[in-house]
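*Asks:* Pasting a structure below so you can have a look.
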Amino acid sequence: MNRNIEHLPKCVAEYITTVIKMVRYRPKVRREVKQELIDHFTDALADCESEPQKQQLAEEIIDDFGDAGLLAKLIRRAKKRCRPMWVKATNCTMSILGIIFIFSIVYNVWVNYTWKSSKVDYIEKFNQLNRQEALETNNAWPYYAKAVDLYLELPTNFDAAKDLILSDANDITWLIRFEDCNEVQIAKVRDWLESQDASWLQVTTATELPCYWQNMPDYSSFDKNSTNYLDPLRDLAKMGSWRAMQHTHNQQYDQAMKEGLKIIRMANHLMSSKIMQEYLTGISVLSIGDSVVREILKKFQPDELCLTTTQTELEKLYHDDFRFYDLNGEAIYLMASLKKTYIELLEEMPFMYIFPMGYLYGGSLQNTEAKTISFYEQFDQRNPYERHSNPKKKNFKIKTPGFMLQILEPATERMVTITYRAKSMHQATSTILALRQWNLNKGAYPKKLEELKEDGYIEQLPVDPYSDGILMYQQQGDDFILYSLAADFDDDGGIENPDAPWGEGEDGGDRVFWPIK
Amino acid sequence: MKFERELLKGVAPVVVLEILSRGAMYGYELSETISRRSGEILTLGRGTLYPLLYNLEAKGLIKGEWQNADSGRKRRYYTITGKGEEKLVAQKQQLLQLQQAVNLVCGWAQPDIAPA
Chain D
14 MNRNIEHLPK
24 CVAEYITTVI
34 KMVRYRPKVR
44 REVKQELIDH
54 FTDALADCES
64 EPQKQQLAEE
74 IIDDFGDAGL
84 LAKLIRRAKK
94 RCRPMWVKAT
104 NCTMSILGII
114 FIFSIVYNVW
124 VNYTWKSSKV
134 DYIEKFNQLN
144 RQEALETNNA
154 WPYYAKAVDL
164 YLELPTNFDA
174 AKDLILSDAN
184 DITWLIRFED
194 CNEVQIAKVR
204 DWLESQDASW
214 LQVTTATELP
224 CYWQNMPDYS
234 SFDKNSTNYL
244 DPLRDLAKMG
254 SWRAMQHTHN
264 QQYDQAMKEG
274 LKIIRMANHL
284 MSSKIMQEYL
294 TGISVLSIGD
304 SVVREILKKF
314 QPDELCLTTT
324 QTELEKLYHD
334 DFRFYDLNGE
344 AIYLMASLKK
354 TYIELLEEMP
364 FMYIFPMGYL
374 YGGSLQNTEA
384 KTISFYEQFD
394 QRNPYERHSN
404 PKKKNFKIKT
414 PGFMLQILEP
424 ATERMVTITY
434 RAKSMHQATS
444 TILALRQWNL
454 NKGAYPKKLE
464 ELKEDGYIEQ
474 LPVDPYSDGI
484 LMYQQQGDDF
494 ILYSLAADFD
504 DDGGIENPDA
514 PWGEGEDGGD
524 RVFWPIK
Chain A
10 MKFERELLKG
20 VAPVVVLEIL
30 SRGAMYGYEL
40 SETISRRSGE
50 ILTLGRGTLY
60 PLLYNLEAKG
70 LIKGEWQNAD
80 SGRKRRYYTI
90 TGKGEEKLVA
100 QKQQLLQLQQ
110 AVNLVCGWAQ
120 PDIAPA
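Protein chains in written order, with the numbering used here: chain D, 14 to 530; chain A, 10 to 125.
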């Protein structure tokens, strides 16, 4: 392409340069237009014989072309129309996306700012909710904390004991079979338990206190404080179960039962917490405690005093009702966790202000709080049977932003189910104690469970969370069977599926509380 | 002769298409041809010419290509497309009807109808 603008008069060169500059379009298009204009002027001025003539004609032609800006505008508009349809569509789409992107950034900055700038102290709110209305001196938590500090973990080479543990994927009791131990193994276990005496003493003191809470100090240590002692506490409960089994092995049944009750009281403390992890740890510890009591009952027949004392203690713990998890507390805990996340992220990485974190959680702080509280207030906390036979229509539709709550929903449902199971197991344990008392007094087991209540052996009959009635009971010779219909809602005659004790597998099955293997 | 701008507005594209239907031309050549063929009656302002050519190109009625001119220099030549031919026929028909209507209204003699 020729680019010979130099041979043209200066005014023409300036005019063409101005027009091309003002076209403001793709370089290739501007080059072509420039060349066309140069060619036009070149052809128009070709016949001029003198410079003055050339200059005059050039000015006339420029005049005829008109205002440079207007010409540039018309050229640009026309050239834009020449673009292929796909280019126009792409540009249009990119413009729309660009607008959405800019809007999204502005929205994200605002959303993230609502979290960072909020004066609401969720930690303080949570602490007020979590705290019992009692003196600090009645608080068991400091003793549990001390017990955790003093706890010495099981040595890694403690193979002897590990082989003897009754544990599988579904059994969290971690009970030890002393009857299968040899003397060396028994001595090892005994020595290790003795090394834990200081720790267990703290647990004993804690379980005799009426209350339990711990304050979350600030956002920076929020999660750490709430969870870094839970595994050790669970290990302490398991260690307590070994102590109980050791007493059983030594035929010190009353002391064994006392250890079991300590574990159950510890569970009760943890289940009073407003933190879900603590509550679930409490459920797990309760299962250990109930298993210890039933294991002791399997091995020997306690006297009436032992049975009565133990049963009274169990019933007293949940006199009003079984301790269900406070979902309102979870809402505040969740808001505190989220705020902690926002504060940390935005302080460490300020550029995160423009990122759509709000969409992950629930939008602005106010919106998220409203959604979270509403979510937990409306949560279906009925037992599995009620939920199965009369499913509640969800009137709470979680729309984005806020898919975090969608993720939490199945876990929360699972937690409700676990709670009902723990309740039925605990009530079953209390019922077994009552049945053993009945047997002790009358020489045989009752024909029906209702007789226990009629004769004052039990306050409440054990509810089956998987049926509309109480647990299934049958006399079996000089023993009995006590079971739940479990998750298949079918009476399988007291046959338990070892792979899925709560009947969640394809083969179903019942959950048998007695007899135990 | 200077015509009312609005009068020329609809005519200019037809004129350009008609000229180009007889052969490819570059911008300056087209401008000179229009003036000459119309007996110096029609002059397409230069400020209108190139935007008009680019608009017709955008509509697919003409096509522009860089080609070697007789002088050996490269020029952007414009040729009418098939779509442009169809448009030209339709536009000419409309102009003819318009001419007849104006003649009748103004009481002028029937003009010689240019061959198609």
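All C-beta atoms, glycine included, are put in the ideal place defined by N, C-alpha and C.
Quick check: what's the CA-CA separation for D:R94 versus D:W128?
*Replies:* On the first sequence, position 81 is the one that residue 94 of chain D refers to. On the first sequence, position 115 is the one that residue 128 of chain D refers to. Answer to the nearest angstrom: the Cα atoms are 47 Å apart.
*Asks:* Give me the chain D residues within the contact set of A:A67, using Cβ-Cβ distance strictly less than 9 Å, ordered along the chain.
*Replies:* The residue given as residue 67 of chain A occupies position 58 in the second sequence. What A:A67 touches in chain D: A91, K92, K93, R94, C95, R96.
*Asks:* Alpha carbon to alpha carbon, how far is D:Y292 from D:L283? Give it in angstroms, no decimals.
*Replies:* Along the first sequence, read from residue 1 onward, the residue named residue 283 of chain D stands at position 270. Along the first sequence, read from residue 1 onward, the residue named residue 292 of chain D stands at position 279. Whole-angstrom Cα-Cα distance: 6 Å.
*Asks:* Return the bridge partner residues of D:I494 from the DSSP annotation.
*Replies:* Along the first sequence, read from residue 1 onward, the residue named residue 494 of chain D stands at position 481. Answer is D:Q487.
*Asks:* Using a beta-carbon distance below 8 Å, is A:Y59 in contact with chain D?
*Replies:* If you number the second sequence from 1, residue 59 of chain A lands on position 50. A:Y59 counts as touching chain D.
*Asks:* Taking the straight line between their C-alpha atoms, what separation do you get for D:Y38 and A:V25?
*Replies:* For the purposes of this step, residue 38 of chain D is taken as residue 25 along the first sequence, with counting starting at 1. For the purposes of this step, residue 25 of chain A is taken as residue 16 along the second sequence, with counting starting at 1. The alpha-carbon atoms of D:Y38 and A:V25 are separated by roughly 26 Å.
*Asks:* When DSSP labels each residue in this structure, what does D:K251 get in the three-state scheme?
*Replies:* Looking up residue 251 of chain D in the first sequence gives position 238. D:K251: helix per DSSP, three-state reduction.
*Asks:* What residue range does the beta strand (DSSP E) around D:K405 cover?
*Replies:* The residue you call residue 405 of chain D lines up with position 392 of the first sequence. Neither: D:K405 is in no beta strand (DSSP E) and is coded neither H nor E.
*Asks:* Return the first residue and the last residue of the beta strand (DSSP E) that A:I71 is part of.
*Replies:* Here residue 71 of chain A refers to the residue found at position 62 of the second sequence. Counting along the chain, the beta strand (DSSP E) containing A:I71 begins and ends at 71-77.
*Asks:* Report the residue from D:G507, D:D523, D:H439 whose alpha carbon sits nearest the alpha carbon of D:A513.
*Replies:* Working through the first sequence from its first residue, we reach residue 513 of chain D at position 500. Comparing Cα positions, the closest option is D:D523.
*Asks:* Can you check DSSP and say which residues form a bridge with D:W527?
*Replies:* The count along the first sequence starts at 1 and reaches residue 527 of chain D at position 514. DSSP output for D:W527 lists D:L495 as bridge partner(s).
*Asks:* In three-state terms, what does DSSP make of D:T106?
*Replies:* Mapped onto the first sequence, residue 106 of chain D falls at position 93. Note: D:T106 maps to helix in three-state DSSP.
*Asks:* Under 8 Å, do D:F546 and D:I471 count as touching if we go by C-beta distance?
*Replies:* Residue 546 of chain D is absent from the structure shown; chain D starts at 14 and stops at 530.
*Asks:* Since D:Y292 is in the alpha helix (DSSP H), which residue starts that stretch and which ends it?
*Replies:* Numbered from its first residue, the first sequence carries residue 292 of chain D at position 279. 289-312 is the extent of the alpha helix (DSSP H) around D:Y292.
*Asks:* With 8 Å as the threshold, decide whether the Cβ of A:R85 is near any Cβ in chain D.
*Replies:* Indexing the second sequence from 1 puts residue 85 of chain A at position 76. Output row for A:R85: interface = yes.
*Asks:* Comparing the C-beta of A:R55 with each C-beta of chain D, is any distance below 8 Å?
*Replies:* As a first step, residue 55 of chain A must be located in the second sequence, where it is residue number 46. Yes - at least one Cβ of chain D is within 8 Å of the one on A:R55.
*Asks:* If contacts are defined as beta-carbon pairs under 8 Å, then A:Y35 and A:Y86 qualify, I think. What distance do you get, rounded to the angstrom?
*Replies:* Here residue 35 of chain A refers to the residue found at position 26 when the second sequence is read from its first residue. Here residue 86 of chain A refers to the residue found at position 77 when the second sequence is read from its first residue. Confirmed, Cβ separation roughly 5 Å.
*Asks:* Between D:E62 and chain A, is any beta-carbon pair separated by less than 8 Å?
*Replies:* Position 49 of the first sequence, counted from the start, is the residue given in the question as residue 62 of chain D. Chain A contact via Cβ: absent.
*Asks:* Anything in chain D within Cβ reach of A:G157, meaning under 9 Å, just list it in chain order.
*Replies:* Summary: the structure shown does not reach residue 157 of chain A, with chain A confined to residues 10 through 125, and so no result is reported for it.
*Asks:* Determine the chain D residues that contact A:N64 at a beta-carbon separation under 7 Å, and present them in chain order.
*Replies:* Sequence index remark: in the second sequence, residue 64 of chain A carries index 55 (1-based). The answer, in chain order, is A91, R94.
*Asks:* Do D:S212 and D:L163 count as a contact pair if the criterion is CB distance below 8 Å?
*Replies:* Walking along the first sequence from the start, residue 163 of chain D turns up at place 150. Walking along the first sequence from the start, residue 212 of chain D turns up at place 199. At the C-beta level, D:L163 and D:S212 come within 8 Å of one another.
*Asks:* What residue ranges within the segment 179-232 of chain D form continuous beta strand (DSSP E) runs of no fewer than 3 residues, ordered along the chain?
*Replies:* 184-189
*Asks:* Chain A beta carbons: is any one of them nearer than 8 Å to that of D:T413?
*Replies:* Translated into the one-based positions of the first sequence, residue 413 of chain D becomes position 400. Confidence at D:T413 is low in this model, with a pLDDT of 43, below 50, so the placement of that residue is unreliable and no value is reported for it.
*Asks:* Give a yes or no on whether the minimum CB-CB distance between D:F78 and chain C is below 8 Å.
*Replies:* Reference to chain C is not applicable here, since the protein chains of this structure are D and A.
*Asks:* Got a sec, what are the start and stop residues for the beta strand (DSSP E) D:D47 sits in?
*Replies:* Here residue 47 of chain D is taken as the residue at index 34 of the first sequence, counted from 1. Note that residue 47 of chain D corresponds to Lys in the displayed sequence, not to Asp. Unbroken run through D:K47 is the alpha helix (DSSP H), 40-57; no beta strand (DSSP E).
*Asks:* State buried or exposed for D:D231, treating a residue as buried only when at least 16 other CB atoms are found within 10 Å of its CB.
*Replies:* Your numbering for residue 231 of chain D matches position 218 in the first sequence. Exposed.
*Asks:* Can you look up D:M348 in the DSSP assignment and give me helix, strand or coil?
*Replies:* Here the question's residue 348 of chain D lines up with position 335 in the first sequence. Helix at D:M348.
*Asks:* Just to make sure I have the definition right: I need the residues of chain A whose C-beta is within less than 8 Å of the C-beta of D:E361. Which are they?
*Replies:* Taking the first sequence and counting its residues from 1, one reaches residue 361 of chain D at position 348. In chain order: nothing, as chain A lies at least about 53 Å away.
*Asks:* For D:N396, count the other beta carbons within 10 Å of its own beta carbon; 16 or more makes it buried, fewer makes it exposed. Which is it?
*Replies:* The residue you call residue 396 of chain D lines up with position 383 of the first sequence. It counts as buried.
*Asks:* Measuring alpha carbon to alpha carbon, tell me which residue in D:G507, D:D501, D:I367, D:D477 is nearest D:W123.
*Replies:* Residue mapping note: residue 123 of chain D aligns to position 110 of the first sequence, counting from 1. Ranking D:G507, D:D501, D:I367, D:D477 by Cα distance to D:W123 puts D:I367 first.
*Asks:* Would you kindly check if the distance between the Cβ of A:S30 and the Cβ of A:E94 is under 8 Å?
*Replies:* As a first step, residue 94 of chain A must be located in the second sequence, where it is residue number 85. As a first step, residue 30 of chain A must be located in the second sequence, where it is residue number 21. Yes, these two residues count as a Cβ contact at 8 Å.
*Asks:* Drop a sphere of 10 angstroms on the beta-carbon of A:A110, count the other beta-carbons inside from all chains shown, and report buried for 16 or more, exposed for fewer.
*Replies:* Here residue 110 of chain A refers to the residue found at position 101 of the second sequence. By the neighbour-count rule (16 or more Cβ atoms within 10 Å), A:A110 is not buried but exposed.
*Asks:* Can you list, in chain order, the residues of the segment 372-397 of chain D whose Cβ is nearer than 7 Å to any Cβ on chain A?
*Replies:* none
*Asks:* Would you please verify whether the beta carbon of D:L84 is less than 8 Å from any beta carbon of chain A?
*Replies:* Residue mapping note: residue 84 of chain D aligns to position 71 of the first sequence, counting from 1. Yes, D:L84 counts as interfacial toward chain A.
*Asks:* Using the C-alpha atoms, what's the distance from D:M417 back to D:G376?
*Replies:* On the first sequence, residue 376 of chain D is found 363 positions in, with the first residue counted as 1. On the first sequence, residue 417 of chain D is found 404 positions in, with the first residue counted as 1. Going from the Cα of D:G376 to the Cα of D:M417 covers about 11 Å.
*Asks:* Taking the straight line between their C-alpha atoms, what separation do you get for D:L330 and D:L299?
*Replies:* For this step, residue 330 of chain D is matched to residue 317 along the first sequence. For this step, residue 299 of chain D is matched to residue 286 along the first sequence. About 12 Å.
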